[in-house]
Structure formats: C-alpha cells, structure tokens
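Report on one structure; see the data block that follows.
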Amino acid sequence: MLDKELRSMIGKVKDGRMDRRAFIQRLAAVGLAAPLANQILALGGVAMAEGASTYKPTKRGGGGALKLLWWQGPTLLNPHFATGTKDQDGSRLFYEPLACWDPDGNMKLVLAAEIPSIQNGLLAADGRSVTWKLKPGVKWHDGKPFTADDVVFNWEYAKDPATSALTIATHRDITVEKVDDLTVRILFNKPTPFWADAFVGAPNTIIPKHLFADYRGSKSREAPTNLSPVGTGPYKFVEFKPGDLVRGQLNPDYHMPNRPYFDTVEMKGGGDAVSAARAVIQTGEYDFGWNIQVEDDVLLRLEKGGKGKTVYAVGGDTEFIALNFTDPNTEVDGERSSMKTKHPLFSDPAVRKALSLLVDRESVKKAIYGRAGRTTANFLNGPEKFVSKNTSWEFSVEKASKILDDAGWKPGADGIREKDGKKLKLVYQTSINGPRQKTQAIVKQACQKAGIDVELKSVVASVFFSSDVANPDTYAHFYADLEMFQIPLSQPDPSQHMRRYMSANVATKENKWQGTNFPRWVNKEYDATIEAAEGEMDPVKRAALYIKANDLMYQDMVFIPVQHRLKVEAAANNLRPIISGWANETDNLFDWYREE
Amino acid sequence: MSQYVLRRLLIAIPSLLGISVVLFVVLALAPGDPFAELATNPNVPPEVQAALRAKFGLDDPIYLRYLHWLNAMLHGDWGFSFVSRMNVDTLILQRLPATLYVIGSAQILALLIAIPVGVYAATKPYSLFDQIANTLAFIGFSLPTFFTGLLFILIFSVTLDWLPFVYSTDIKATGIRWVLEMIRQAIMPVAVLGLFQAASMTRFVRSAMLDVIRLDYVTTARAKGLGQAKVIVKHVMRNAMIPVVTLIALQMPAVFGGAIVTEQIFRIPGIGSLLISSILSNDTPVVMAVTFVFACLVVLFNLIADVLYGWLDPRISLR
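So the protein lines, in turn, are chains A and B.
Just so it is clear: in the first sequence, position 106 is 1565 by this note's numbering, and no numbers are missing.
Just so it is clear: in the second sequence, position 90 is 299 by this note's numbering, and no numbers are missing.
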C-alpha cells in the first residue's frame, strides 16, 4: 500500500468522509488486519477505537457462582512474581492493569480513562513518552483510593533488582512519573513504537502501594499481601490454597457499571487436561476449563450431546522445528554446538530446503491438532499485520529427493544419503508431550522416504525447558541437529519475540546458555532489520520490517514452522467467556456472563 | 520399657540424618530447575533468572545447602517454597486435612472389610465364601487405582451422573448438608483406595488367622467346650492380629503421605498431589520436606508397632 494513498484515507476518516469500518476493510483487503488499521489511525491522528463490548447484563451480580477449572492451579498471587500464566491468571481475578486486550487485539480500558493517541496528545509523536489518564473514583478493595502514586510505586517496586520481580524487564528501561493524582507519564529511553507494555495486560497488573510499600527490595517475600491480594478488580479476595483453590466474591464497589455478573468466582487447580475437559464439556461440574490441550477427536467425542463446548482464540503461538547452525557433535573448549563450528550438513542450504519439504504440516494438523491448529509457512504468525504473505510451504518427498540429488547427496548402500563421507543422519529432539512425539514420528517417516536417517529424542519438559547450566539436554544447549517446541507470544506485538534471534544473543557456554538465540543463527541483515524496526514509529513501515525479518528466517530456513497453534478452552454451553489470543484467559473476565 | 523407647529414639537420630543426606543429595543432583518456566518467557531476562537462583541459594555447593537446610530444620523452619513463595509448613498443613480425611477413611474402610472377611474366610477355608473372597481379592489388587478410578468416574459421574469427580475443598453449605456433601464427594476416592487396600489386607488377615487356628491351644480351647465365636475372637484373633498390627502401623505413614495417583485423578488437594506437583515444578524445598516428614513417620510408626507387640503379646519382652 502506498504511503500517500494511506494518508489520504486517514484524512477521510478524520473528516468523516469515510467511516472507520470502511477504512479497516480497505486495509484488510491488502492484508492488514484490524489491530494494525487501528494503530495506523491512532498514529495518523484518529483515536484508537476501544474494543467493542458484547456485555449484555443490565445489573451487577445475580449470576451465581462461576466455577473455573485450571488444571495447573495458581501457586502464588503476586503478579510481579508470577512464574507462569497460571499465576497471572489467578492474580488477574483481583488485580487490574490500566488496559487489556480484546479478542481482536484491540485495547480495552480498565483502570485508564482514555486510550493514549497522538490526537489526544497523550502519545508523543516521537514515541518517547506516553501519558495515561486514570479513571477517577476507583477504590482498592479496602476502600483506599487508587491514584497515580500506586502506578509509580509498581514501577519502583518491579525495577529494583533486589525485589527479584519477574516483571523487571518491562520496567527497568522506562521512567514513570506522576503528573497529577490521576495522570502518569511513562518516558522511554528510545523511540518505542509498542508503548502498551508496562501496566497493560494480565502480566502487568497494579498492586497497591499502601500495602506493599514496606516490602520493597529484599523484603519482598515477607509481604502478607503476597498471598491475600487487595486489588481493584471485579472480585474481592476470599481464600487461597496454592495449587488447589482461589476464591473471590463480587466487589460491590467495582468501577465498571453492571459488572461483574457472577456473585462468586472459584478457580480450582490440579488434575490433567483431559479430565478437565470432561468436567466442563461432559458432566458440566465446572463452567470453564483452561488450556485444553487434548487431541481433537477426544474433544469431538466429548462434545457429542455434552453440556459444554470448546472455544478457540487465535494468537501468535507457533510450534516450530529449529535447525542447529553449529555442530552438536564436535567439542570445542568443552562446548558442543560451539560458535566456532559450522553444522556439517546444514551448511548446505539444499539440506535445509529439503527438510522443510519433508514436514507434512497438513497431516500434523489432521492427525494431531485438528481445530486447534493452522498450517503455516511463517515463523511469525501474528498479530495479523505482521504476517508475511510472501512465503509458502509444500510437502513433497519427490522434490526433497530431487534437491538432495542435485546437491550431490547420493543414497549409500544402506539407503541413507551421503556426500564426501558425511551421512545424512540427524538427531531430532523435543520435550515429552503426546502431540510432539506424534509429530516427530510423522516427520521421521517422511525423512526416511527421502533417504535421511532421523533419530528421535524426547526430553522431560522440566529438563528441556530448564536453565540448568550443567544439563546438556536443555533446549538452549541444543546438542542436537533439530529441536521442536514453541515460544509463546505473550502480547500483540512481535518485538520481544523477534529480538531473540539477533546475532548478539546467541546461546554459548560463555553466557551460560542464557542467550536467547538457540539456533545460533547469524545474519547481519536480520540484525539490521530488527534494529530498524525497534526504532520505527510508522506502524506500516514497522510491520514491513518485521515481515522482512520473518522472510529472512524463511529464506535461511532457521525454523520450519510446524503449526500455528490456537488457544483451546472448554466452556459451558450457556457461558459467554471473552477469550483473546493476545491475553490471559482471565484478562476480560469482567465481561463474562451467562446467557439465561 | 521407657528405657527401650528412649534407646530406640536415639537410634532413630542417625538413621534420620542418613535418610536426609541421601534425600538431599539425590534431589540436588536430579536434573531440572525450579525457574525453568521462565526460560521460554521472553519477558524475563536471563539476569533475573540468575539473580533468583542466587537469592534462593541454588548456586551454593551441595554440602553448604545441606547444612543450611539442616540448621533451619532444627530450628523448626521447614523451608521456603520457590514456587509459591511461602513457608513449606503452611503449605503442608493446608493439604493435611484432605489427605487425612480421604486416605484415613479409605484405611478404615479397608480394615472394616478385610478383618471380618479375612477372619470368616479363615474359619472356613476352601469353602465357597473363601473361594469368592479370594477371587475378589485377587481382582482387587491386580487392578491399579488409576484404572478403577477412571472406571468409577465413567460409571458414576459420566454415565449415571450420581457423584461429582472433582473434589472441592469449599462446599457452599452448612450443617448436615455440608456433611452429606463431604461424604458424597469422598465416596469414589475412598472406595477406590479402600477396596485396593482391603484386597491385599484380606489375604494377609486370612493367612495370619490360618497360621494360628491350627495351633494346639486353639484345639484345647475348643475341647474346653468354648463356643466358636469366643474361640475365634478371644483366642485366635488376638494372636493373629500381631502381624496385622505391624502391617497397619507401617501403612499409617501413607495416611499422611497421601495417595499420589488417586489424588491426581480426583483432584484431591492432599499431600500426594502437593508432592507430585512440587516434583514436576522442581520445588525442591517442598519435595524435601514432604519426603523427610514421611521418613520420620515411618521410623515413628515402626517404633509404635514394636511397642504394641509387647502389649498384645506379653511374652515378647522389650529390652
């Protein structure tokens, strides 16, 4: 899309000659989805639309009990210490952010009064600051008023390394200042196109200053309110048993009209995904089941004549196979997969290309993920505006064989291809998880047909995903040729996600394998693209840069995307849950209700 | 007697120390990392992970960590959970009631079935009753609890819709309704565990009874003209119960330790499910505390069993 045309369209929307919807549709026609269209309007001087609400109840309460089943229950209730989404989900019942994300990736106001935009002057045109106006009259559950001091305190609390807050990365490079009692300004040290990170979404909810002020820094773990939250949310805290139960009751002073609908909320933990699906869909003992990672045919069977159904939300989670660019079998200075080596087989682009032709994504979808998966050629699958349209994928053993033939990899006596004495033998590792082992089998079968010998390896998840320096089986050590897993995209923006694979971030012995670039892929053009994207304020150009970054990965075949995975939840037939692929399940809980 | 108990308690100290060293070393050497989940979270920089490891002392050498743990344990501090960021003892005490209620009831159910059935079967060996009891016992202990648990759920929850299969710790009712609900939701797990225990215990009671019932003094008692009931209860059972008491005493720690599989299936928030979730999340302080408490209970109940022998059979002298 031409810049000029875009600007004239923005002008039309501003003057009212074109309505918002038409604008968004025009952009959608050229492959840019609603969230981006909205952001373009925001930067072009038209305020960002607030996510529409589908909430119907006309009075507060009266909805009875809401019973949620989280098969991994929250183990703590301080959002700054949340080690996983389960803890954020539990905290979010009581604590609130300034704004959250709706299913389309639009911003929805919670504690803020207005969405910052260049037009209303709250967003600096150079991307160096954003000002948030807070909703007046919001009270903490103990009756104290919620003010700008609380927001500033959260920043001070989280950025202090002694607190060891897990939200430190969000807070340490920004400065938060109080403008007046109901206004805060966030200053960034560089132009920040994605300004909606701090204080937005379930991971960044706000805790009360008056209860945590004495427990900053090294005393953070002694705070009694770590386990009994006092927030601003739709539900007041009643009871917490780590790993088992979180209970809340309606907050009669909640700041949103007619909300919440339910009188009490209960989040039960424990068990496994299959029986959680059964308790919601088949017996109806619970209203909502979280993260139902169950094979699709099992779900289809449960849904027949059941009391509930599955609910899907599209986000940007990609299950991928990563290729190792270093040699896992040669040890240099006590380190395998060292940056001083090159992978003996993958240094030939033909081998990488052939491998990508051997991953039958359609079969993986049919046999394993079903409704919860989509086939894709891209590593970056969302938000929609960042998804490349320049890529394609194919499954063809014949083409793969031909590419390998042409590159000089000839089948040996045992049927395994070889060249210059190097045999095409690969180790393919992943974590132990039903769908992953099945995917491994599908890929191995196709590789065998093409004359590639694949040895499968499965590692217990607690080891595979650990940061244990001494354990060679972690995904970060990557002492294998291929490995498969997914890294969740936790906000509707790819910046954190794509930064991981810059050359400076390679995982090595020197940085104790804490570098995030585990394929150890080095590409100067990629580095330059990401750097440019991080300083680019024009959303269209920025999206183009991330699309380019994705395409560079595609060209080098750093990752073979296996499946674009959707969130799967189970809900009672009459429950109207609002689930966003860009947010935690409980992020929009204030808008949930039950159809009578 | 008291001298005997004291001596046994003193002997228990080195063995408990030995157990704690083994447990600690195994846990420290086991792979895994309590902060593993952070590794794939792009929001958490690696430095924070490193800082957390340092804060919880995970980077110290093993012997130092052990000494810290031992010192804290002696002061009554059971440790601090990495995952929940709360004291381990609070966490364990929170889980204890559910475990005591469910596993305790299951043990009682097992005893209520095993003793009458075992005794009656032994008085009429190879009769029809004995054959049926034996067959059922074999079926009982060859079916694992995860199988019978799922079977019960499918029959009583899914098909018949009589009983809930998610155990809830906060029943919204008071008085008699609360009691009824508590019983209703415990029926399935108690039955699953109780029947499994009862099966093996029945076999045990039966063979213990058979060993005694053939002895001369029983024949003498019968010859004196005592009734069958009196002979069985007063003469045979009292002696036959000695090995049974050992078995029960050794199973008592399990009442506190919970039942990992059954608790997981029915979502009972007991010690067993705490242990398994802590193991899965590498929450070593909790795993250490639970296993160590378990070890202490085993040692303690062994002692209690020995003391009970002396009471049941005055011929056994404790010195």
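We put the beta carbon where it would ideally sit given N, CA and C, even for glycine.
As the structure is a computational prediction, the values presented were derived from the model and not from experiment.
Worksheet item: In chain order, what residues of the segment 1696-1720 of chain A put their CB closer than 8 Å to some CB of chain B?
Response: Cβ contacts with chain B come from GLU1698, LYS1700, PRO1701, GLY1702, ASP1703, LEU1704, ARG1706.
Fill in: Option in B:MET461, B:ASN296, B:VAL214, B:LEU483 with minimal Cα separation from ARG1680 of chain A
Taking the Cα of ARG1680 of chain A as reference, the smallest distance to any Cα among B:MET461, B:ASN296, B:VAL214, B:LEU483 is reached at B:ASN296.
Fill in: Separation of ASP1932 of chain A from ASN1788 of chain A, as counted between CA atoms
Taking the straight line joining both Cα atoms gives about 14 Å.
Worksheet entry | Spatially closest choice to ARG1795 of chain A from A:PRO1998, A:LYS1526, A:PRO1978, A:PHE2018, by CA coordinates | Each of A:PRO1998, A:LYS1526, A:PRO1978, A:PHE2018 was checked against the Cα of ARG1795 of chain A, and the nearest Cα belongs to A:PRO1978.
Item to complete: Have a look at LYS1649 of chain A and VAL2017 of chain A and give me their C-alpha separation to the nearest angstrom.
Response: Those two C-alpha atoms are separated by around 29 Å.
Discussion item. Can you tell me whether TRP387 of chain B is buried or exposed? The criterion is at least 16 other CB atoms within 10 Å of its CB, across all chains shown.
Written reply: With fewer than 16 other Cβ atoms within 10 Å, it is exposed.
Practice prompt. Could you tell me whether any Cβ in chain B is nearer than 7 Å to the Cβ of PHE1653 of chain A?
Written response: For PHE1653 of chain A, no CB of chain B lies under 7 Å from its own CB, so it is not counted at the interface with that chain.
Discussion item. Using 8 Å for Cβ pairs, my map puts TYR2052 of chain A next to PRO1516 of chain A. What's the rounded Cβ distance?
Written reply: Their Cβ separation, rounded to whole angstroms, is 5 Å, which keeps TYR2052 of chain A and PRO1516 of chain A in contact under 8 Å.
Fill in: Straight-line Cα distance separating HIS1630 of chain A from PRO1667 of chain A
Taking the Cα positions, PRO1667 of chain A is about 17 Å away from HIS1630 of chain A.
Discussion item. Please report the distance separating the alpha-carbon of LEU509 of chain B from that of VAL1918 of chain A.
Written reply: The alpha-carbon atoms of LEU509 of chain B and VAL1918 of chain A are separated by roughly 39 Å.
Practice prompt. Identify each residue in the segment 284-310 of chain B for which the Cβ-Cβ distance to at least one residue of chain A is less than 8 Å, and report them in chain order.
Written response: So the list reads PHE289, SER290, VAL292, SER293, ARG294, MET295, LEU300, GLN303, ARG304, given in the order they occur along the chain.
Item to complete: Give a yes or no on whether the minimum CB-CB distance between LYS333 of chain B and chain A is below 7 Å.
Response: Contact of LYS333 of chain B with chain A is not assigned, every C-beta pair being separated by 7 Å or more.
Worksheet item: Mapping DSSP to helix, strand and coil, what is TYR1887 of chain A?
Response: TYR1887 of chain A: strand per DSSP, three-state reduction.
Worksheet entry | Euclidean distance between Cα positions of GLY481 of chain B and VAL507 of chain B | Distance between the alpha carbons of GLY481 of chain B and VAL507 of chain B is about 16 Å.
Worksheet item: What separation, rounded to the nearest whole angstrom, lies between the Cα atoms of ILE2006 of chain A and ALA1939 of chain A?
Response: If I take the Cα positions, the gap works out to 29 Å.
Item to complete: Give the interface partners of ARG431 of chain B over in chain A, defined as CB-CB distance under 7 Å, in chain order.
Response: Here the premise fails: no neighbours, minimum Cβ distance about 55 Å.
Worksheet item: In or out: HIS277 of chain B buried (at least 16 other Cβ within 10 Å) or exposed?
Response: Exposed, since its Cβ has fewer than 16 Cβ neighbours within 10 Å.
Discussion item. Check whether chain B comes within 7 Å of ALA1738 of chain A, counting only Cβ atoms and requiring the distance to be less than that.
Written reply: True, the Cβ-Cβ gap to chain B drops below 7 Å.
Worksheet entry | Under 7 Å by beta carbon: chain B residues contacting LYS1844 of chain A | By Cβ distance, chain B contributes nothing, its closest Cβ being about 19 Å from LYS1844 of chain A, past 7 Å.
Worksheet item: Measuring CB to CB, does ASN2032 of chain A end up less than 7 Å from GLY1764 of chain A?
Response: At least 7 Å separates the beta-carbon of ASN2032 of chain A from that of GLY1764 of chain A.
Worksheet item: In chain B, which residues lie with their C-beta within 7 Å of the C-beta of GLU1794 of chain A?
Response: Taking a Cβ-Cβ cut-off of 7 Å, GLU1794 of chain A has no neighbours in chain B, whose nearest Cβ is about 17 Å from it.
Worksheet item: Name the residues in the segment 481-507 of chain B whose C-beta lies less than 8 Å from a C-beta of chain A; which are they?
Response: Of all residues in the segment 481-507 of chain B, the ones placed with a Cβ closer than 8 Å to any Cβ belonging to chain A are SER482, LEU483, SER486, LEU489, SER490, ASN491, in chain order.
Worksheet item: Listing by chain order, which chain B residues have their CB less than 8 Å from the CB of TYR1745 of chain A?
Response: Those are VAL375, listed as they occur along chain B.
Fill in: Exposed unless 16 or more other CB atoms sit within 10 angstroms - verdict on GLU1990 of chain A
Residue burial annotation: GLU1990 of chain A is exposed, with fewer than 16 other C-beta atoms found within 10 angstroms of its C-beta.
Worksheet item: With distances taken between CB atoms, is the gap from TRP1530 of chain A to GLY1730 of chain A smaller than 7 Å?
Response: Result yes, Cβ atoms of TRP1530 of chain A and GLY1730 of chain A sit closer than 7 Å.
Worksheet item: To the nearest angstrom, how far is it from the Cα of HIS284 of chain B to the Cα of SER1925 of chain A?
Response: Going by the C-alpha atoms only, they are around 32 Å apart.
Fill in: Helix, strand or coil at GLY1829 of chain A [DSSP, three-state]
Here GLY1829 of chain A sits in helix by DSSP.
Practice prompt. For GLY1660 of chain A, collect the residues of the same chain with a Cβ closer than 7 Å to its Cβ; drop the 5 residues on either side in sequence, then sort them by chain order.
Written response: Taken in chain order, the residues that qualify are PRO1556, CYS1559, TRP1560, GLN1950, ALA2042, ASP2046.
Discussion item. Here's the rule: buried if 16 or more other CB atoms are within 10 angstroms of the residue's CB, otherwise exposed. What is GLY227 of chain B?
Written reply: By the neighbour-count criterion, in which a residue is buried when 16 or more other Cβ atoms sit within 10 angstroms of its Cβ, GLY227 of chain B is exposed.
Item to complete: Identify, in the order they occur along the chain, each residue of the same chain with its Cβ nearer than 7 Å to the Cβ of MET1715 of chain A, setting aside the five sequence neighbours on each side.
Response: For MET1715 of chain A, where only same-chain residues beyond five positions count, the Cβ hits under 7 Å are PHE2049.
Worksheet item: For a contact meaning CB atoms closer than 8 Å, what does ARG1680 of chain A contact in chain B?
Response: The contacting residues are PHE289, ARG294.
Fill in: Residue range of the alpha helix (DSSP H) that includes THR533 of chain B
Nothing can be reported for residue 533 of chain B, as the shown portion of chain B is limited to 210 through 528.
Discussion item. Any beta carbon of chain B sitting closer than 7 Å to that of GLN1741 of chain A?
Written reply: Answer yes: the Cβ-Cβ gap between GLN1741 of chain A and chain B drops below 7 Å somewhere.
Item to complete: Enumerate in chain order the residues of its own chain whose CB-to-CB distance from LEU1948 of chain A is below 7 Å, with the five nearest sequence positions on each side excluded.
Response: In its chain, beyond the 5 residues on either side, GLY1774, GLY1775, ASP1776, GLY1841, HIS1956 have a beta carbon closer than 7 Å to the beta carbon of LEU1948 of chain A.
Worksheet item: Hey, ILE1891 of chain A and LYS1882 of chain A: beta-carbon distance below 7 Å or not?
Response: Their beta carbons are not under 7 Å apart, which means ILE1891 of chain A does not touch LYS1882 of chain A by this criterion.
Worksheet item: Would a check of beta-carbon distances place LEU1461 of chain A closer than 7 Å to chain B?
Response: Unreliable placement is indicated for LEU1461 of chain A, whose pLDDT of 45 sits below 50; the coordinate value is still reported in the next sentence. Not one beta carbon of chain B lies nearer than 7 Å to the beta carbon of LEU1461 of chain A.
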